[in-house]
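Read the structure below first, then the notes.
Number of protein chains: 2
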Amino acid sequence: MDMDTLLVAPAGLEQVEGALARFFDESKVRAAKIGPGYHALWETLERCTAGGKRFRPRLVMSAYQMLGGTDLDNAAEVGAAFEMLHTALIVHDDVIDRDFIRRGIPNVSGRYRAIAEDAGLSPDGARHIGFSAGVIAGDLALSNAYRLLERADAPAATRRRLGEILDEAVFASAAGEFLDIETSLTSAMPPLEDIVQMARLKTSVYSFEGPLQAGAVLAGADEEVIGRLGDFGRDAGIAYQIADDLLGVFGNETRTGKTNWGDLREGKRTALMSYVAARPEWESISSLVGDSGMSASDADHVRRVLVDSGARDYSVDLAAQYAARARAHLESDAVPATLRSALHPVVTAVVDRVH
Amino acid sequence: MDMDTLLVAPAGLEQVEGALARFFDESKVRAAKIGPGYHALWETLERCTAGGKRFRPRLVMSAYQMLGGTDLDNAAEVGAAFEMLHTALIVHDDVIDRDFIRRGIPNVSGRYRAIAEDAGLSPDGARHIGFSAGVIAGDLALSNAYRLLERADAPAATRRRLGEILDEAVFASAAGEFLDIETSLTSAMPPLEDIVQMARLKTSVYSFEGPLQAGAVLAGADEEVIGRLGDFGRDAGIAYQIADDLLGVFGNETRTGKTNWGDLREGKRTALMSYVAARPEWESISSLVGDSGMSASDADHVRRVLVDSGARDYSVDLAAQYAARARAHLESDAVPATLRSALHPVVTAVVDRVH
Numbered sequence: 013m014d015m016d017t018l019l020v021a022p023a024g025l026e027q028v029e030g031a032l033a034r035f036f037d038e039s040k041v042r043a044a045k046i047g048p049g050y051h052a053l054w055e056t057l058e059r060c061t062a063g064g065k066r067f068r069p070r071l072v073m074s075a076y077q078m079l080g081g082t083d084l085d086n087a088a089e090v091g092a093a094f095e096m097l098h099t100a101l102i103v104h105d106d107v108i109d110r111d112f113i114r115r116g117i118p119n120v121s122g123r124y125r126a127i128a129e130d131a132g133l134s135p136d137g138a139r140h141i142g143f144s145a146g147v148i149a150g151d152l153a154l155s156n157a158y159r160l161l162e163r164a165d166a167p168a169a170t171r172r173r174l175g176e177i178l179d180e181a182v183f184a185s186a187a188g189e190f191l192d193i194e195t196s197l198t199s200a201m202p203p204l205e206d207i208v209q210m211a212r213l214k215t216s217v218y219s220f221e222g223p224l225q226a227g228a229v230l231a232g233a234d235e236e237v238i239g240r241l242g243d244f245g246r247d248a249g250i251a252y253q254i255a256d257d258l259l260g261v262f263g264n265e266t267r268t269g270k271t272n273w274g275d276l277r278e279g280k281r282t283a284l285m286s287y288v289a290a291r292p293e294w295e296s297i298s299s300l301v302g303d304s305g306m307s308a309s310d311a312d313h314v315r316r317v318l319v320d321s322g323a324r325d326y327s328v329d330l331a332a333q334y335a336a337r338a339r340a341h342l343e344s345d346a347v348p349a350t351l352r353s354a355l356h357p358v359v360t361a362v363v364d365r366v367h
Numbered sequence: 013m014d015m016d017t018l019l020v021a022p023a024g025l026e027q028v029e030g031a032l033a034r035f036f037d038e039s040k041v042r043a044a045k046i047g048p049g050y051h052a053l054w055e056t057l058e059r060c061t062a063g064g065k066r067f068r069p070r071l072v073m074s075a076y077q078m079l080g081g082t083d084l085d086n087a088a089e090v091g092a093a094f095e096m097l098h099t100a101l102i103v104h105d106d107v108i109d110r111d112f113i114r115r116g117i118p119n120v121s122g123r124y125r126a127i128a129e130d131a132g133l134s135p136d137g138a139r140h141i142g143f144s145a146g147v148i149a150g151d152l153a154l155s156n157a158y159r160l161l162e163r164a165d166a167p168a169a170t171r172r173r174l175g176e177i178l179d180e181a182v183f184a185s186a187a188g189e190f191l192d193i194e195t196s197l198t199s200a201m202p203p204l205e206d207i208v209q210m211a212r213l214k215t216s217v218y219s220f221e222g223p224l225q226a227g228a229v230l231a232g233a234d235e236e237v238i239g240r241l242g243d244f245g246r247d248a249g250i251a252y253q254i255a256d257d258l259l260g261v262f263g264n265e266t267r268t269g270k271t272n273w274g275d276l277r278e279g280k281r282t283a284l285m286s287y288v289a290a291r292p293e294w295e296s297i298s299s300l301v302g303d304s305g306m307s308a309s310d311a312d313h314v315r316r317v318l319v320d321s322g323a324r325d326y327s328v329d330l331a332a333q334y335a336a337r338a339r340a341h342l343e344s345d346a347v348p349a350t351l352r353s354a355l356h357p358v359v360t361a362v363v364d365r366v367h
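Protein chains in written order, with our numbering: chain R, 13 to 367; chain U, 13 to 367.
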C-alpha cells in the first residue's frame with residue numbers, strides 16, 4: 013500500500029526535494045571526477061531515490077511544523093536523511109530478497125546484472141555483479157543518511173539526539189532484516205508475538221517513530237510529546253504492516269500494483285499465517301504455502317482457507333486494534349490538536365483499506 | 013602484507029581497544045533485548061573486528077600525538093571509527109568477492125552459510141543466506157563508523173572536518189570497489205594509470221590519508237601539515253598496494269599467510285599485469301591469467317614470464333618510486349621531525365619487503 017496517500021502533504025516538501033537534488037548534484041560532480049562509470053552508479057542511485065513518495069520526510073515535516081518549527085530548509089535536511097535511509101534499506105533489501113525490479117523498473121542490481129549480461133558473463137556471474145553493485149550503492153545511501161543529518165543546523169544536544177534516533181532506525185531495521193533471514197531457515201510459522209516484533213523493527217522504527225521523533229526533537233518539543241509520537245509510530249507501523257500483508261494476499265492487484273500471490277508463494281510470515289498455522293485448517297495448505305510452484309488455483313484455495321478459518325477477520329481486527337491504540341497515544345494535552353488531526357488519518361486510512 | 017609491522021605502536025592503542033570494547037558491549041546489550049540471534053550477529057561482527065592489527069588507529073594516534081594532541085581517550089574514538097570502517101569494508105568486500113573465509117576462519121558470510129546448510133538449505137540458498145548476513149553486518153559496521161566519530165568531542169568546525177574526511181574515505185572506497193567490478197567485466201588489462209587510481213581509491217584514502225588527516229585535524233594541526241599528510245598517505249598507499257600485489261604473486265606463502273596463486277587465477281589487475289599486457293610476452297600467458305583452472309605449473313610459467321619480461325623489476329621499482337615520493341612529501345618544516353621519523357619506516361618497510 014502506498015504510504016503517500018496516508019498523509020496530507022505538509023509544507024516543506026519542495027525543500028526536501030531541494031536538499032536531495034543538491035546532495036545528488038554535488039555527489040555526481042565528485043563521482044564524475046573519478047570516472048563515468050561511478051557517475052552512472054550515482055545516477056542510478058538518484059533514480060532509485062526519485063521514485064519515492066517521501067512518506068518519511070512528510071512525517072518529519074509535519075511533526076516539526078505542528079510543534080512550532082519554522083525553519084523548513086533546516087528540517088528538510090532531516091527529512092532528506094530519512095529518505096536516504098529508506099533508499100539504502102530498499103536497495104539492500106532487494107539484494108537480500110534477490111529482486112531485480114522495483115516499481116516496475118530494474119533496480120540497481122537489475123541494471124548492473126543487465127550490463128554484466130551484455131558483457132558476456134554467465135547468468136550466475138551477472139547476477140552476482142548486480143548484487144555487488146547493489147551492496148555498494150546501498151552503502152553510499154546509508155553513509156549519506158548520516159551526512160545529510162549532519163547538515164541540519166542544531167545545538168549539540170539536539171544533534172546528539174537526532175543521531176541517536178537515526179541510529180535506532182538503522183539498528184532496528186538491520187535487526188528486522190536479520191530476523192527475517194533467521195525465520196526463513198525454518199518452515200515453522202512464528203507466533204504472533206514475533207510477527208509483531210518484526211513489523212515494529214522493519215516498519216515502525218524507521219518509517220514512523222524515527223521521522224516523527226526527529227521532527228519533534230528538531231522543533232524542540234517536550235519529552236512527553238516525543239514519547240507519545242514514538243508510541244504512536246510504533247503502533248501505527250504495526251497496523252500498517254498487518255494491513256499491508258493483508259493486501260499482499262487479498263488486495264486488488266491493479267490497485268496495489270503487485271501480484272497478490274507472491275507473498276503466498278514466498279511463504280511470507282504474516283499475522284494471517286501465524287493465526288492459521290495454529291489451527292487444524294493449516295494441514296490442508298501447509299504444503300502449498302511457500303511453494304515456488306504454487307498455481308493460481310492453489311492460491312485461491314489458500315485464500316479461501318484463510319477466510320474460512322477466520323484468519324482474515326482476525327488480521328483485519330488486529331490491524332484495527334493497533335490503529336486504535338496508535339490514535340489513543342495522541343490523546344494527550346501535550347500533543348497539539350493540529351498534529352493529532354494530521355496523524356489520525358494516517359492510521360484510519362490504513363484500516364479502511366483492508367475493510 | 014600485514015600493515016601492523018609497518019608502524020611502531022604509538023601510545024593510546026589500549027584506549028582504542030577500550031573504545032571498541034565499550035561500543036560492542038553496549039551494542040550487544042541492545043541486541044540481546046531483540047533476541048539471541050541478533051546478539052550472535054553482533055558477536056560475529058565483534059570477532060571480525062577483533063582480529064585486526066589496528067593499522068588505521070595507529071596512524072590516527074601517531075599523527076594526533078606527534079602534532080601535539082594529548083587527549084588519548086578522545087582521539088581513540090576517531091581511531092575506533094576508522095577501524096569500524098575497515099571492518100565494514102572487509103565484510104562487504106568479502107560478499108563482493110564471494111569469500112567465506114578471512115584470516116583462516118569463517119567470516120560473517122561463512123558463518124551464516126554454515127548455519128543455513130545445517131538448517132537444510134541448498135548450497136545456493138545457503139550461500140545467499142551467508143551473503144545476506146554479510147550485507148547486514150557490514151551495514152551495522154558502516155553506520156557505526158559514523159556513530160563512533162560522533163563520540164569524539166571537538167569544536168563544530170573540527171567535527172565537520174572529521175565528518176568530511178570519513179565521508180571522503182567511504183566515497184573513495186566505494187568508487188574503488190565499483191571500478192573493480194567494472195574492470196572485471198572486460199578481459200583487457202587496464203593501463204597503469206587506472207591501476208594507480210584504483211590503489212589510491214581502495215587503499216590510500218581510507219587506510220592512509222584519512223586516518224593521518226583525521227589525527228592531525230583533531231590535534232588542531234595547520235593546513236600545511238594536513239595537506240602534506242594527505243599527499244604522503246596517497247603515495248604511501250599506492251606503494252603499499254603495488255608491493256602487496258607483488259607479494260600476492262611472488263611472496264612466500266608461509267610469510268604472507270595466503271597462497272601466491274590466487275591473484276593470478278583471479279586475473280587480478282595489478283601493475284605487473286598492466287606492464288606485461290602491453291608487451292609481446294603477454295600472448296603466451298593471456299589465456300592462463302584469470303583462468304580458474306590454472307595449475308601450479310601454469311602459475312610457475314606466468315611468474316617466469318613476469319620476471320623475464322621485466323614486469324617484476326618494473327613493479328618493484330614503481331613501488332620504490334611511490335615510497336620515495338611519499339617520504340619527500342614529509343620534507344617540510346611544517347612536519348615535526350618526530351612525525352617524519354615515525355612515518356618513514358612505514359614506506360621503507362613496504363619497499364624492503366619486495367626487494
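Positions of the beta carbon are idealized from the N, C-alpha and C atoms, including for glycine.
- At a beta-carbon threshold of 9 Å, the residues of chain R lying near residue 198 of chain U are 131, ordered along the chain.
- Residue environment for residue 116 of chain U: exposed (fewer than 16 other C-beta atoms within 10 angstroms of its C-beta).
- Between the segment 221-228 of chain U and the segment 190-205 of chain U, the count of Cβ pairs shorter than 8 Å is below three; the stretches do not touch.
- According to DSSP, residue pairing for residue 117 of chain U in a beta bridge involves U:114.
- Look at residue 66 of chain U here: in three-state DSSP terms it is coil, with no helix or strand label.
- Nearest Cα to residue 77 of chain U within the set U:292, U:351, U:222, U:299: U:351.
- Under the three-state reduction of DSSP output, residue 282 of chain R falls in the coil class, being neither helix nor strand.
- Burial check for residue 45 of chain R: the Cβ neighbour count within 10 Å stays below 16, so the residue is exposed.
- The C-beta of residue 98 of chain R comes no closer than 7 Å to any C-beta of chain U.
- Each of U:151, U:298, U:324 was checked against the Cα of residue 254 of chain U, and the nearest Cα belongs to U:324.
- Contacts with chain U at 7 Å (Cβ-Cβ) do not include residue 26 of chain R.
- In the displayed model, residue 345 of chain U falls within coil according to three-state DSSP, outside both helix and strand.
- Residue environment analysis places residue 22 of chain U among the buried positions, since at least 16 neighbouring C-beta atoms fall within 10 angstroms of its C-beta.
- For residue 311 of chain U, the nearest beta carbon of chain R is not closer than 7 Å to its own beta carbon.
- When Cβ-Cβ separations below 7 Å define contact, residue 104 of chain U makes contact with chain R.
- With its beta carbon at least 7 Å from every one in chain U, residue 113 of chain R lies outside the interface.
- The residue from U:296, U:101, U:307 with its alpha-carbon nearest to that of residue 317 of chain U is U:296.
- Using beta-carbon distances, residue 46 of chain R counts as an interface residue toward chain U, with a partner under 7 Å.
- Contact between the segment 173-191 of chain U and the segment 298-311 of chain U is not established, with fewer than three Cβ pairs separated by less than 8 Å.
- Using beta-carbon distances, residue 239 of chain R does not count as an interface residue toward chain U, since no partner is under 7 Å.
- Excluding five sequence positions before and after residue 124 of chain U, the CB atoms of its chain that fall closer than 7 Å to its own CB belong to 141, 142, 145, given in chain order.
- Between residue 238 of chain R and residue 212 of chain R, the beta carbon gap of about 18 Å keeps them out of contact (Cβ cut-off 8 Å).
- The beta carbon of residue 154 of chain U sits closer than 7 Å to some beta carbon of chain R.
- When DSSP states are grouped into helix, strand and coil, residue 23 of chain U belongs to the coil group.
- Contact check for residue 96 of chain R against residue 138 of chain R fails: the beta carbons are separated by 7 Å or more.
- When R:346, R:359, R:98, R:354 are compared, the shortest CA-CA separation from residue 235 of chain R is found for R:346.
- Relative to the Cα of residue 363 of chain U, the nearest Cα in the group U:94, U:286, U:259 belongs to U:259.
- The Cβ neighbour count for residue 102 of chain R, taken over all protein chains shown within 10 Å, is at least 16; the residue is labelled buried.
- Among the residues of chain U, none has a CB under 8 Å from the CB of residue 208 of chain R; the nearest is roughly 13 Å distant.
- Cβ proximity to chain R below 9 Å picks out nothing from the segment 338-367 of chain U.
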